[in-house]
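> Starting off with a structure, shown below.
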Amino acid sequence: MSRHSEASSPADVEIRDMTLDDVGAALRLCRLSGWNQVEHDWLLFMQVNANGCRVAEKKGRVVGTVATVTYQDRFSWIAMMLVDPQERRTGIGTRLLREGLSVLNTQSSIRLDATPLGRQLYRREGFKDEYSLARMTIKAESKIAGARDGKVRPMTEADLPEVLEFDVQVFGANREMLLRNLFERAPNYAFISGISEIEGYCFGRQGYLYEQIGPIVAKDEEIARDLVSNRLASLNSSSCMIDTPRHPSWIDWLGSQGFVDARSFTRMYRGDKPNPGRPECTFGILGPEFG
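In this text, residue positions in the sequence shown follow this note's numbering: the first is 1, and each later residue adds one.
Spelled out as structure tokens, the structure:
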């Protein structure tokens, strides 16, 4: 097990590689912070970049985490920056962030989605704002019955090559492993719009507090509305959330469907400004932990 000690306060905290045995402790930090991730999400991080996850350990107890993902040579991602509430403001978050940056030190562009709590830390470490995101949530009892659209149908495995080709253009990098994992994990969450060609698609997954709808990718907002309406109609008894760029008319429409603007994130980058893809076609991200 690789350890990453450095002379920094607090001295009794050690940064080391994350192992599968740490997943339970990482989930404890998610629950303490009110985050939505479940065990499968942490296992996915370990699958896509097993050498890129770290924990902060104090007296044998995990008190912080950071995870990283590399999207080819386009850009990389820092995620799951978690610190036990009792250990905050002691320098652990800064050490974890710097460890994540060290893991990605060969990458020219690094991105993340910052909570308001973390944004000031990231700015001090050289990150710049890219654009704003909203977390839109809806309780099961608040949902308006969505009208199903005839062009929207469940996604099949045969659709994936075309979906993945479309997705590279919109996301700005290849994330095939993540999307295939989502499809295998929750195929009933994946929908597609279009008859002769794909006009939009969405994926989803189960979470601890909410079912997450995303990514949602569409050529225009009308198609995105059809995808979400069909998805909501299939989740009658579940509370849902969508993390989305703040397209004003899109946010207004989600509000008209019963969604509430629950919190903000800021997409940030460090180093070279990354290829933004086509954010105008993004109506829901995969999640702040993956982009």
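Even for Gly, the Cβ is constructed at its ideal location relative to N, Cα and C.
Nearest to Thr19 by CA position, among Asn36, Gln37 and Val66, is which residue?
Val66
> How many angstroms separate the CA atom of Arg119 from the CA atom of Arg135?
16 Å
> Out of curiosity, what's the CA-to-CA distance linking Glu6 and Glu199?
Below a pLDDT of 50, predicted positions are generally treated as unreliable, and Glu6, at 48, falls in that range; the measurement from the model is reported next regardless. Looking at the two C-alpha atoms, the distance is approximately 50 Å.
> Can you give me the C-alpha to C-alpha distance between Tyr220 and Tyr189, rounded to a whole angstrom?
With the sequence shown as reference, residue 220 is identified as Asp, and Tyr is not the correct amino acid for it. Spanning the two alpha carbons is a distance of roughly 20 Å.
> May I ask you to report which of helix, strand or coil DSSP gives Glu289?
coil
> Can you tell which of Thr90, Pro85, Gly64 and Leu227 has the C-alpha that lies nearest to the C-alpha of Leu79?
The question names Leu, but residue 79 is Ala in the sequence shown. Closest option to Ala79, Cα to Cα, is Gly64.
> Below 7 Å between beta carbons: does that hold for Gly172 and Gly52?
no
> Just verifying my parser: in three-state terms, what is the DSSP assignment at Phe183?
helix
> Rounded to whole angstroms, what is the Cα-Cα separation between Asp22 and Pro161?
The alpha-carbon atoms of Asp22 and Pro161 are separated by roughly 35 Å.
> Under three-state DSSP, which class holds Thr19?
Look at Thr19 here: in three-state DSSP terms it is coil, with no helix or strand label.
> In chain order, what are the residue ranges of uninterrupted beta strand (DSSP E) at least 3 long that sit wholly in the stretch 228-263?
240-245
> Excluding sequence positions up to five away, which residues of its chain have a Cβ less than 8 Å from the Cβ of Gly204?
Only Leu182, Ala186, Tyr189, Ala190, Glu211, Gln212, Ile213, Gly214 and Arg231 meet the Cβ criterion.
> Mark Gly100 as exposed unless 16 or more other C-beta atoms lie within 10 angstroms of its C-beta, in which case mark it buried.
Buried: at least 16 other Cβ atoms inside 10 Å.
> Over the uninterrupted alpha helix (DSSP H) stretch that includes Ile92, give me the two end residues.
Ile92 to Val103
> Alpha carbon to alpha carbon, how far is Ser196 from Ala233? Give it in angstroms, no decimals.
Taking the straight line joining both Cα atoms gives about 24 Å.
> May I have a chain-ordered list of the alpha helix (DSSP H) segments no shorter than 4 residues that lie completely inside the stretch 34-92?
39-48
> So, under 8 Å CB-CB, Asp243 and Gly284 are touching, yes? Tell me the CB distance rounded to an integer number of Å.
6 Å
> Taking the continuous beta strand (DSSP E) assigned at Phe283, which residues delimit it?
Unbroken beta strand (DSSP E) run through Phe283: Thr282 to Gly284.
> Measuring only the C-alpha atoms, how far is Glu184 from Ser239?
22 Å
> With distance defined between alpha-carbon atoms, name the residue in Val38, His40, Gln107 and Cys202 nearest to Leu286.
When only C-alpha atoms are compared, the closest one is Cys202.
> Hey, how far is the Cα of Gly207 from the Cα of Asp129?
27 Å
> Going by beta carbon distance, what residues of the same chain come within less than 7 Å of Arg263, once the five residues before and after it are set aside?
Arg135
> Which same chain residues, not among the five before or five after Gln107, have their C-beta less than 6 Å away from its C-beta?
Ser76
> Exposed or buried, what is Tyr122 when buried is set at 16 or more other beta-carbons lying within 10 Å of its beta-carbon?
buried
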